[in-house]
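Numbering (this note's numbering), first residue to last: 9 to 448. Even for Gly, the Cβ is constructed at its ideal location relative to N, Cα and C.
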């Protein structure tokens with residue numbers, strides 16, 4: 009099997025895994041929303057911010073380095089494997105020690121118990137991480153997909169059993185631990201057939217990996233906080249119940265783009281990378297990507313705005329109907345945000361990671377201020393703030409990133425967005441009128 013065939017097979021398996029996992033998780037949220045309190049989801053959101061950040065740090069960014077380097081020796085892999093586990097253990101200890109302070113910050117005593125409990129996944133993940141990276145490096149996505157699908161289904165079954173039996177927040181906690189544990193165990197079990205780490209440790213031999221990883225982790229930290237600032241600030245200023253409502257509604261809304269966008273960009277990214285020096289062709293592919301994503305995402309989000317109550321009733325239940333307006337506002341935010349996804353592929357295709365870093369630093373300064381101002385008007389204020397920020401960022405994104413990387417003119421870029429928006433709006437108006445007639 010040649011490289012192209014491996015890549016196509018990998019895309020198929022990754023797509024299958026992504027769609028199935030997203031579908032199962034959506035069904036899981038839909039069921040759990042009827043058994044758990046909103047505050048349970050809010051507390052879990054805070055826990056996952058801490059755990060997610062810790063898991064990212066424990067990798068030190070060396071996963072990308074392993075994939076990037078053409079040749080990696082057995083000794084280097086072994087050193088990196090044990091280094092990853094050592095760092096994971098240290099981070100676990102730090103998180104356990106910090107958990108009482110985090111609990112005090114959010115005025116949630118339960119966090120001092122739950123954060124250490126969930127933090128064990130940091131160590132568990134470390135044992136399987138390198139095997140996952142090697143699977144990806146060798147394009148063995150079929151193995152990864154099968155493990156991930158099995159783990160997600162297992163977590164789903166456990167979550168439903170615990171929720172039905174009144175375990176409250178533990179119906180979120182234990183399935184999370186189970187899913188990560190099964191994935192890591194699966195990666196180790198199948199990975200040992202291809203690579204067995206030796207009892208060997210020499211930091212000098214992996215110096216270049218660590219240096220490469222530090223740059224990666226720096227950008228990763230900024231990116232992570234940019235995506236989690238809303239959770240951190242809402243949890244502190246508006247409380248766990250409001251955060252729970254916001255988190256679940258946002259997860260439900262972002263699901264379509266999380267499924268659609270990666271499928272498209274996984275195909276267009278390698279294509280753009282191959283013709284990175286042909287600016288005109290690169291521009292053509294990028295603009296087509298934006299257009300196709302818009303023509304798919306825009307109608308979906310406009311329909312979600314029109315049928316917001318029906319969607320909430322179907323997936324979350326009537327207890328969540330007070331989130332109707334929030335759902336509509338965040339759908340507008342998601343619609344605008346969906347057009348920005350291909351920029352990351354464009355940056356990587358051109359080999360200009362510094363552009364992305366500068367952009368993310370700017371967002372790092374803007375997002376917390378925007379969210380903080382929004383909280384003065386409650387959760388609706390946060391949603392409005394997100395919409396305003398996304399609209400404001402359209403022009404700078406074009407000028408500093410799109411124009412410089414592929415030479416697209418503003419009018420060319422806007423046409424790719426406005427045309428699908430007009431078509432989607434017309435469809436939305438027609439459906440809204442039909443809905444009104446049927447209800448009336």
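Can the beta-carbon of residue i be found less than 7 angstroms from the beta-carbon of residue j?
i           : j           : result
residue 129 : residue 185 : yes
residue 4   : residue 375 : Since the first residue shown for the chain is 9 and the last is 448, residue 4 is missing from the structure and cannot be characterised.
residue 47  : residue 252 : yes
residue 335 : residue 38  : no
residue 416 : residue 291 : yes
residue 66  : residue 141 : no
residue 378 : residue 397 : yes
residue 329 : residue 261 : no
residue 306 : residue 432 : yes
residue 242 : residue 51  : no
residue 294 : residue 343 : no
residue 134 : residue 173 : no
residue 161 : residue 151 : no
residue 145 : residue 219 : no
residue 189 : residue 132 : yes
residue 36  : residue 167 : yes
residue 19  : residue 114 : no
residue 153 : residue 21  : yes
residue 57  : residue 320 : no
residue 439 : residue 314 : yes
residue 88  : residue 196 : no
residue 428 : residue 303 : yes
residue 371 : residue 413 : no
residue 155 : residue 199 : no
residue 73  : residue 233 : no
residue 86  : residue 183 : no
How would you write the range of the alpha helix (DSSP H) that residue i sits in, first residue to last?
i           : result
residue 287 : 287–314
residue 206 : Run containing residue 206: none; DSSP gives neither H nor E here.
residue 353 : 350–358
residue 340 : 332–345
residue 227 : 215–245
residue 396 : 386–405
residue 180 : 178–199
residue 415 : Unbroken run through residue 415: none, as it is neither H nor E.
residue 161 : 149–172
residue 368 : 361–383
residue 126 : 119–145
residue 114 : 82–114
residue 63  : 46–67
Could you tell me which of the options sits nearest to residue i, measuring between CA atoms?
i           : options               : result
residue 270 : 301, 214 and 65       : 301
residue 391 : 124, 88, 258 and 203  : 258
residue 138 : 101, 172, 183 and 192 : 192
residue 187 : 203, 163 and 173      : 163
residue 149 : 25, 202 and 309       : 25
residue 42  : 99, 145, 140 and 179  : 179
residue 224 : 68, 199 and 288       : 68
residue 77  : 126, 337, 289 and 221 : 221
residue 23  : 397, 134 and 272      : 272
residue 426 : 147, 299 and 198      : 299
residue 209 : 362, 197 and 81       : 81
residue 325 : 55, 40 and 18         : 40
residue 34  : 100, 263 and 61       : 263
residue 287 : 165, 101, 116 and 357 : 357
residue 519 : 443, 418, 331 and 365 : Given a span of 9 to 448 for the chain in the structure shown, any question on residue 519 remains unanswerable.
residue 62  : 79, 126, 443 and 345  : 126
residue 235 : 424, 420, 60 and 411  : 60
residue 443 : 181, 122 and 317      : 317
residue 124 : 136, 199, 101 and 112 : 101
residue 112 : 147, 281 and 244      : 244
residue 348 : 360, 359, 373 and 399 : 399
residue 410 : 393, 381 and 364      : 364
residue 16  : 430, 147, 98 and 204  : 147
residue 84  : 109, 203, 64 and 183  : 203
residue 451 : 90, 420, 435 and 345  : Only positions 9 to 448 of the chain appear in this structure, which leaves residue 451 out of reach.
residue 351 : 281, 434 and 393      : 281
Within 7 angstroms of any Cβ in chain D, is that where the Cβ of residue i sits?
i           : result
residue 387 : This model lacks chain D altogether, as it is built from one protein chain only.
* Validate contact between the stretch 16–31 and the stretch 224–237 using beta carbons, cut 8 angstroms, 3 pairs -> no
| task | Please confirm if the stretch 39–46 is in contact with the stretch 252–269, defined as three or more CB-CB distances below 8 angstroms between the two stretches. | result | yes
Quick one: any contact between the stretch 276–290 and the stretch 397–407, if contact means 3 or more CB pairs under 8 angstroms? no
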